[in-house]
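Q: Read top to bottom, the protein sequences are chains A, B, C and D.
In the numbering used here, each number is its position in the first sequence, counted from 1, plus 410.
In the numbering used here, each number is its position in the second sequence, counted from 1, plus 410.
In the numbering used here, each number is its position in the third sequence, counted from 1, plus 257.
In the numbering used here, each number is its position in the fourth sequence, counted from 1, plus 257.
Heads up, the beta-carbon is just placed ideally off N, CA and C, and yes, glycines get one too.
The structure under discussion is supplied below as structure tokens; questions concerning it will follow.
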Amino acid sequence: MTVAEAPAASPTDLLDELRAWLDENWDPDLTVAQWWERLGLAGWSAPALPSNAYGRDVSRSDAVRISQEIAAYGALGAPGGLGLLLAGPTIATCGTQEQIDRHVRDIVTGQKAWCQLFSEPGAGSDLAGLTSRAVEDGDGWIVNGQKVWTSMGHEADLGMLLARTNPEAPKHAGITWFVCNMLQPGIEVRPLREMTGNAMFNEVFLSDVRVDADAAIGEVNDGWRVANATLAFERAGLGTGGTSGITPVVPGTIAGNLEKRAGDLAPSKSKPKATTSSQPAAPRKAPSAAAMLIGFAKKHGRSEDPLVRQRLVELHTLGEIGRLNAERVKAAKAVGKDIPGMGNIGKLSMSTVMRLQRDLGLELAGAQGMLHGYDEEQAAAVQAVVQDPVLPAVTTMSLYAQAPPIYGGTDQIQRNIIGERILGLPKEPGSNSKVPFSELPKNA
Amino acid sequence: MTVAEAPAASPTDLLDELRAWLDENWDPDLTVAQWWERLGLAGWSAPALPSNAYGRDVSRSDAVRISQEIAAYGALGAPGGLGLLLAGPTIATCGTQEQIDRHVRDIVTGQKAWCQLFSEPGAGSDLAGLTSRAVEDGDGWIVNGQKVWTSMGHEADLGMLLARTNPEAPKHAGITWFVCNMLQPGIEVRPLREMTGNAMFNEVFLSDVRVDADAAIGEVNDGWRVANATLAFERAGLGTGGTSGITPVVPGTIAGNLEKRAGDLAPSKSKPKATTSSQPAAPRKAPSAAAMLIGFAKKHGRSEDPLVRQRLVELHTLGEIGRLNAERVKAAKAVGKDIPGMGNIGKLSMSTVMRLQRDLGLELAGAQGMLHGYDEEQAAAVQAVVQDPVLPAVTTMSLYAQAPPIYGGTDQIQRNIIGERILGLPKEPGSNSKVPFSELPKNA
Amino acid sequence: MVDFAVSDEQEELRRSVRRFLADKSPSSEVRRLMATDEGYDPAVWTQMAEQLGLPGLAIPEELGGSGYTYVELAVVFEEAGAALLCSPLFATVGLAANALLSSDDDAAMKEYLPQIAAGELTATLAFTEDSGDWSAADTSTTATPAGDGWTLDGHKSFVVDGATAGLILVIANAPDGLSLFAVDRDAAGVERAALPTMDQTRKQARLTFAGTPARLIGTAGAGAGILARTSSLGCAALAAEATGGAQRCMDMAVDYAKARIQFGRPIGSFQAIKHKCSDMLVEVESARSAAYFAASEAADNSPDLATAASLAKAYCTDAFFHTAAENIQVHGGIGFTWEHDAHLYFKRAKSSQLMLGDPASHREFIAQQIGI
Amino acid sequence: MVDFAVSDEQEELRRSVRRFLADKSPSSEVRRLMATDEGYDPAVWTQMAEQLGLPGLAIPEELGGSGYTYVELAVVFEEAGAALLCSPLFATVGLAANALLSSDDDAAMKEYLPQIAAGELTATLAFTEDSGDWSAADTSTTATPAGDGWTLDGHKSFVVDGATAGLILVIANAPDGLSLFAVDRDAAGVERAALPTMDQTRKQARLTFAGTPARLIGTAGAGAGILARTSSLGCAALAAEATGGAQRCMDMAVDYAKARIQFGRPIGSFQAIKHKCSDMLVEVESARSAAYFAASEAADNSPDLATAASLAKAYCTDAFFHTAAENIQVHGGIGFTWEHDAHLYFKRAKSSQLMLGDPASHREFIAQQIGI
């Protein structure tokens, strides 16, 4: 009674099929574009998508196994980025077959790269409060507005754009989800520098940007429902490390990878595996935060300090529990169940881990924790004194630690979701769900 | 420039006057009633009250010095309890001269003991949501309802009663503050046992209780304003240890102290002090929470544990800061200023201190922390094994630690007050300030 | 690799136990029993054995049990913790039966375990002394060979259900080192004194032995090893119990937050309260993962059991305590009263933190195990 | 007894400093200066001395200062911290001048302090080495007698404003033990290398000395005592600075919470945000009490200065860091950007926690002082 039945023996069959297909198709001398064409049209780029959307309808965990197996085989993996993660699943779920054939095909074959144009300076936690405005113009729309926190904005061919199409409707009822061509005048992408000194994200200014009539995914003014589908795919990705095994090679026309030789970008081949292996490839383990700081503590001669030991074990404990929580979700999903709220729990726990890691890491660094290189020259100057390659990782993570409690729904929003959706606690009064958006208070 | 001018040299003069008066008037062979009559009518029982209310209009800190000086002299102090702390100041502030002469006189002379009938089972944080109902009846009122968290309920002659006199008005506008005779049929006082096993408080059931027309302090339906005065006096008492030096001898007709010999209840005389002392009596220092636990840690051989040392110092730090915060308020008040929110800060800090004390104390106790005597027999059985008189103090405080974050305005209410009244942050929407009370949602 | 799959049989076990406890261990019974000296209802104990087979659930079939694993036992402890069941279950099954099973003493197992499985015998493990050292490293109780057997002299303290257990397993210093001994309920020279506990739902006693006849369990000198494994299994049981307790505290808080009106709104609509409840869910689900993992390691006889059990014990009892304290705060004044159940969970939680070693000591143990 | 009375003169001082800094150290200037190598504007430093007399505020009148106490100086540091002033004030006044005043070396004081008070000389104290030990117990820099003077060999690290200071006071090992030495800006054999700092508003450097001529300050062997007192005074300065920083973070958070609309309401109307701001006030006012107390103990030459300074340093920098981190969280995404000032305070706060010993080390020191 203690062993769960394996779900329909499919993983092994699937991986056998994949390996046979790779034996047949993988050729390092193909261009990246040629290889992704083969991979995507065979259903191996986004196998979790339905079969009418270039997928194979497999479970999320099987999809992870597939991408890991491609990497283990030594072949170039599926095109990465937000197309495969968010746009593809959204269009597969909410788009017409024509839209799927136009857009998902280009996603799974890596022809187009995508970015996300959701958040605005005035609409962060309250995404539905967005004010970017799309006005009908002939058989299309003219869009004006400003977006923010757009990653890869300058490498994207297309954007997932949320714009307000009816300001007189209540705020959730006047939004449309558009496919927006990023390669047109009126789009300006500006890097947004973070407190770490890096610019992982962009601001995107939209000035009289044109969007075609058939670019709306789902119905006009029903974009909030579509956006929620996108956000659900995003949360699933954030919580479960769903990108593991996916190649970092950027797809699309701008990054310039399509004409490179596929073999040059493929990972070095793992140890050959017995072809009869009945076990799926084990995920490669990144060194945990706790492991990194344990080594750091030893190096700084602090690992015998009882205060340090307690906090290292707290960090280790949270890491272990994160892993175990994920395992429990996996076991539940394997039998078609779920553990509600576990995604939000994972996100809140990540915030806690990052804070603990930040405070402990810099305390272990001691005086050296005051040092940080914001550019290569500075980094070299720090290393010249400290000669410890772990220190920049510690200081960088400590600065970055402020981001996870904010992005993808702040800690406060996660707690609202758990409270209201999982525990069934009542919402706050004064809902604006019936008020025309144009009459609501907004940021200046 | 670093020394504040002493406020008008009054403390020394006052204390000289007091000592002279005590030389003249203190006689241990008086009955308690006789002594309190002298003390109260001379203005020494509640010297912070105005002179038309049996006081001397002195500052709060001078009042504390006076009560300490009476104790130091070896005389019986002013009557204790909620009459002197809350009812007296409230009536002195909001009552008519006739009411002052009737009630405050009995308070300062200890003739009557008071209890507070504010909180209800359905109205805790939201005190203004109270439902005890007073209906006009001839030239008085008939009250029905239930009160809770009433301390000394069974020893009180009179109660500070809040009742709803107009349910059709908005909730803050239909409440009246009454003086309620506790010694009448229809009043039932039931002890309410707390999780500590003790019963410090009572429930009070009011069934057709009669209140006279002239028992209303302030206007009818204006009781919320009067209640806020009472609550302000309560907060001041909670925050600044305003009861120090006040005798624990219970006043009023029920406790049975009035006919006792005053000298038998007076404190043993302190060391004689130089009568020319220009320094006010130093407040006697209760051993701090940190000091108690430092001794406890040593006894349990834990004081060398770095984890324990850190937490002991955290406790010490919070104690020091509490003291310093109070000193800053005192310095500000001495020049007619204030540090807004410091009362709320003190209350929140007390909650923190109690939790820290609880967790550290029981951890230091180790396995013994699992033991506790809820009655004398059990307590003796514990002592027979552990032989440590500090342990019961630690376990009792640990159980009691749950109370301070709740009573006198929960931690959450304190944070609301700081946020809205001190920092000026906006209130939550959906205020019910205009809705008739009868139409508001209520507890079943 | 850990497998968190939940079988239908486990779900059915959980439903049965929950139904049974709803019937036999409502708040009124908890309060009745916690006020008695015995602290449990022998009739209910018999029913737990006869109707549900709980005491013998993880005892091998050939020894009268059902042969399930610690994973199933964890389900039982979780439900018992949620119901604050007053029962010798933890002492008998979580400690004593595990000590016997860890002893490799076939004769002793054959004699005692069938009785335990049948609900005919309650038992406990007496190992800590007045110092409260849970490792028993400072054991002063001595065992002296006497004819075929042994005699014990000394004392044990903080013995769970020590005043009522029919069989007392005692850690004592024999000439070969720490060893495990069995002492009968009515053995000569035993005195049992109740130790009044803050958590009145689980009784403790102090026992003294004066020339008390005892039977060696397992081999002489094997006591430390038996105790180490038993402590881990006891910690795994406490962790599961704490998870159930934490879940119940959260349920109480959430229910109250939905029903209680202040300022014209349910208090659960205020973020201050809502977010407290949300944080409870984070802790409850995380505790469950940790507790199930420890149970799974126990079921697998994993060499990492000790680490997993310490991790679960530290995390779950901390989570339980935090949840129990927050439950009181969500309830406000009523949560501070004796008549409300919130304090019973609070006290059980605090006691669970301190029993078998406090969280800091388990974290230090983990530090040693993971090479810090 | 501590006296927290605030004189009109102190209030006027605060207003003057605040006006000056609003004018001379707005965010744009902070950002301009933090990107420079020097890290401060010499013209503003001169103005601070000539217009307000800040460098000499607590230097005795006979040494060119104004003769006020550390209580007044704390007001200045509080305002400087609030404005994130980029300036050699902390190094020159909070460290070097205090070291000179603690040295009992009349000649040195007469030579250097009037220049410092006049704004003609900036200075720093170089005591920590690569190990980052703030007690200088592991000092490897040596001082060797050479003719009338001494020569220094070795290195110092984490030297605040070490690349720009005109006067470098160095702790070195002389034959009689740790001693304090003065090294001129242009002395032979000194190399100064900037250490890139996370907090770019306060520069640090690593200095090396090779046969560098130096002047003994105070008596040989007196270095440890001078350093101990100077560290306490430096901690008191940092505590005041942190209090100002924490106050400014709270003000930023509160202002944003009032203005920022989400879900049709100012976010400050949500309890999650409101209560964060309230907790900031608890910390800010408590930090202020601790910082003022340390300053008062310094002004009184109290024997308890070291304990009060450690308490203030630990509490105030923790409060500053917590407030700064929460300020970012209240701001959400915009608070994580480089262009918003929130991160500048966050980095100053973290650096202030670590500088002169982290909070845990100060708490351990307090434990020793109060007899734990």
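Could you tell me which chain A residues have their CB closer than 7 Å to the CB of residue 783 of chain B, listed as they occur along the chain?
A: The residue given as residue 783 of chain B occupies position 373 in the second sequence. Here the premise fails: no neighbours, minimum Cβ distance about 32 Å.
Q: If we ignore side chains and look at the alpha-carbon of each, how far apart do residue 458 of chain C and residue 376 of chain C end up?
A: Taking the third sequence and counting its residues from 1, the one referred to as residue 458 of chain C is at position 201. Taking the third sequence and counting its residues from 1, the one referred to as residue 376 of chain C is at position 119. About 20 Å.
Q: Can you give me, in chain order, the residues of the region 706 to 720 of chain A that have a beta carbon less than 8 Å from any beta carbon in chain B?
A: Going along the region 706 to 720 of chain A in chain order, one finds 715, 716, 717, 720 with a Cβ nearer than 8 Å to chain B.
Q: Less than 8 Å between the CB atoms is what I'm expecting for residue 583 of chain C and residue 510 of chain C, so what's the real figure, rounded?
A: For the purposes of this step, residue 583 of chain C is identified with residue 326 of the third sequence, where counting begins at 1. For the purposes of this step, residue 510 of chain C is identified with residue 253 of the third sequence, where counting begins at 1. In this structure, residue 583 of chain C and residue 510 of chain C form a Cβ contact; the two beta carbons are roughly 7 Å apart against a cut-off of 8 Å.
Q: Measuring alpha carbon to alpha carbon, tell me which residue in A:829, A:422, A:489, A:809 is nearest residue 515 of chain A.
A: In the first sequence, residue 515 of chain A corresponds to position 105, counting from 1. Answer by Cα proximity: A:489.
Q: What is the DSSP secondary structure of residue 429 of chain A, reduced to helix, strand or coil?
A: Within the first sequence, numbered from 1, the residue matching residue 429 of chain A stands at position 19. The answer is helix: DSSP assigns residue 429 of chain A an H, G or I state.
Q: For residue 555 of chain A, write down the residues that DSSP places opposite it in a beta bridge.
A: The sequence position of residue 555 of chain A within the first sequence is 145, counting from 1. Bridge partners of residue 555 of chain A: A:616.
Q: For residue 748 of chain B, does the count of other Cβ atoms within 10 angstroms reach 16, so buried, or fall short, so exposed?
A: By one-based count along the second sequence, residue 748 of chain B stands at place 338. Flag for residue 748 of chain B reads exposed.
Q: Under 8 Å by Cβ, that's how I've got residue 370 of chain D and residue 474 of chain D pegged, so tell me the actual separation to the nearest angstrom.
A: Looking up residue 370 of chain D in the fourth sequence gives position 113. Looking up residue 474 of chain D in the fourth sequence gives position 217. About 12 Å separates the two Cβ atoms, so there is no contact after all.
Q: With a cut-off of 7 Å, does the C-beta of residue 538 of chain C fall near any C-beta of chain A?
A: Reading the third sequence from its first residue, position 281 is the one you call residue 538 of chain C. Cβ-Cβ to chain A under 7 Å: yes for residue 538 of chain C.
Q: Taking the alpha-carbon of residue 619 of chain C as reference, which of C:571, C:595, C:627, C:629 has the nearest alpha-carbon?
A: Looking up residue 619 of chain C in the third sequence gives position 362. Selected option, being the one with the closest Cα: C:571.
Q: If you compare alpha carbons, which of A:744, A:443, A:774, A:756 is closest to residue 800 of chain A?
A: On the first sequence, residue 800 of chain A is found 390 positions in, with the first residue counted as 1. Answer by Cα proximity: A:774.
Q: Please classify residue 335 of chain C: does DSSP put it in a helix, a strand, or coil?
A: Translated into the one-based positions of the third sequence, residue 335 of chain C becomes position 78. Reduced to three states, the DSSP call for residue 335 of chain C is helix.
Q: Is residue 602 of chain B helix, strand or coil by DSSP?
A: Numbered from 1 along the second sequence, position 192 holds the residue referred to as residue 602 of chain B. Here residue 602 of chain B sits in strand by DSSP.
Q: For residue 587 of chain D and residue 499 of chain A, I'd like the C-alpha separation in whole angstroms.
A: Counting from 1 along the fourth sequence, the entry for residue 587 of chain D is found at position 330. Counting from 1 along the first sequence, the entry for residue 499 of chain A is found at position 89. Answer to the nearest angstrom: the Cα atoms are 33 Å apart.
Q: Is residue 324 of chain C near residue 317 of chain C, with beta carbons less than 7 Å apart?
A: In the third sequence, residue 324 of chain C corresponds to position 67, counting from 1. In the third sequence, residue 317 of chain C corresponds to position 60, counting from 1. In this structure, residue 324 of chain C lies near residue 317 of chain C, with their beta-carbon atoms less than 7 Å apart.
Q: Below 8 Å between beta carbons is the criterion; list the residues of the region 839 to 853 of chain B that meet it against any residue of chain A, in chain order.
A: 839, 840
Q: Sort B:444, B:453, B:439 by Cα distance to residue 431 of chain B and report the nearest one.
A: By 1-based counting over the second sequence, the position of residue 431 of chain B is 21. Closest by alpha carbon: B:453.
Q: Could you have a look at residue 432 of chain C and say whether DSSP puts it in helix, strand or coil?
A: Position 175 of the third sequence, counted from the first residue, corresponds to residue 432 of chain C. Three-state DSSP puts residue 432 of chain C in coil, outside helix and strand.
Q: On the three-state DSSP scale, how would you describe residue 588 of chain A?
A: Stepping through the first sequence from its first residue, residue 588 of chain A is reached at position 178. It is a strand residue.
Q: To the nearest angstrom, how far is it from the Cα of residue 664 of chain A to the Cα of residue 590 of chain D?
A: As a position in the first sequence, residue 664 of chain A is number 254, starting the count at 1. As a position in the fourth sequence, residue 590 of chain D is number 333, starting the count at 1. Using only the alpha carbons, I get a separation of about 28 Å.
Q: Name the residues in the region 452 to 483 of chain D whose C-beta lies less than 8 Å from a C-beta of chain A; which are they?
A: 452, 453, 454, 455, 456, 457, 461, 463
Q: Closer than 9 Å, Cβ to Cβ, to anything on chain A: give me those residues from the region 497 to 522 of chain D, in chain order.
A: 516, 517, 518, 519, 520, 521, 522
Q: Give the range of the beta strand (DSSP E) segment to which residue 579 of chain D is assigned.
A: As a first step, residue 579 of chain D must be located in the fourth sequence, where it is residue number 322. Residue 579 of chain D -> not in any beta strand (DSSP E); alpha helix (DSSP H) instead, spanning 562 to 588.
Q: Taking only the alpha-carbon atoms, compute the straight-line gap between residue 582 of chain A and residue 555 of chain A and give it to the nearest angstrom.
A: Stepping through the first sequence from its first residue, residue 582 of chain A is reached at position 172. Stepping through the first sequence from its first residue, residue 555 of chain A is reached at position 145. Rounded to the nearest angstrom, the two C-alpha atoms are 18 Å apart.
Q: Taking the C-alpha atoms as reference points, what is the distance between residue 650 of chain C and residue 518 of chain A?
A: Residue 650 of chain C falls outside the range modelled here, since chain C spans only 258 to 629, and no answer is possible.
Q: Count the CB pairs spanning the region 720 to 734 of chain A and the region 259 to 267 of chain D that are closer than 8 Å, and state whether there are at least three.
A: no
Q: Looking at the C-beta of residue 529 of chain C, does it have a partner C-beta in chain B at a distance below 7 Å?
A: Here residue 529 of chain C corresponds to residue number 272 of the third sequence, with the count starting at 1. Interface residue, yes.
Q: May I ask which residues mark the beginning and end of the alpha helix (DSSP H) holding residue 769 of chain B?
A: Residue 769 of chain B sits at position 359 when you count from the first residue of the second sequence. For residue 769 of chain B, the enclosing alpha helix (DSSP H) covers residues 752 to 775.
Q: Within 7 Å (strictly less), CB to CB, does residue 477 of chain A reach chain D?
A: Locating residue 477 of chain A in the first sequence gives position 67, where the first residue counts as 1. No, no contact with chain D.
Q: Would you call the CB atoms of residue 477 of chain B and residue 487 of chain B closer than 7 Å?
A: For the purposes of this step, residue 477 of chain B is taken as residue 67 along the second sequence, with counting starting at 1. For the purposes of this step, residue 487 of chain B is taken as residue 77 along the second sequence, with counting starting at 1. It is a contact, given that the beta carbons lie within the stated cut-off.
Q: Return yes when at least one heavy atom of the ligand NAD lies under 6 Å from the C-beta of residue 527 of chain D, else no.
A: By its list of ligands, the structure shown contains no ligand whatsoever, and the ligand NAD lies outside what it can speak to.
Q: Using a cut-off of 9 Å between C-beta atoms, extract the partners of residue 559 of chain B located in chain C.
A: As a first step, residue 559 of chain B must be located in the second sequence, where it is residue number 149. What residue 559 of chain B touches in chain C: 590.
Q: Buried or exposed: which applies to residue 809 of chain A, given that a residue is buried once 16 or more other Cβ atoms fall within 10 Å of its Cβ?
A: Indexing the first sequence from 1 puts residue 809 of chain A at position 399. Label assigned to residue 809 of chain A: buried.
Q: Can you list, in chain order, the stretches of the alpha helix (DSSP H) that have 4 or more residues and sit fully within the region 380 to 441 of chain C?
A: none
Q: Can you tell which of B:563, B:541, B:584, B:588 has the C-alpha that lies nearest to the C-alpha of residue 551 of chain B?
A: By one-based count along the second sequence, residue 551 of chain B stands at place 141. Residue B:588 is the option with its Cα nearest to residue 551 of chain B.
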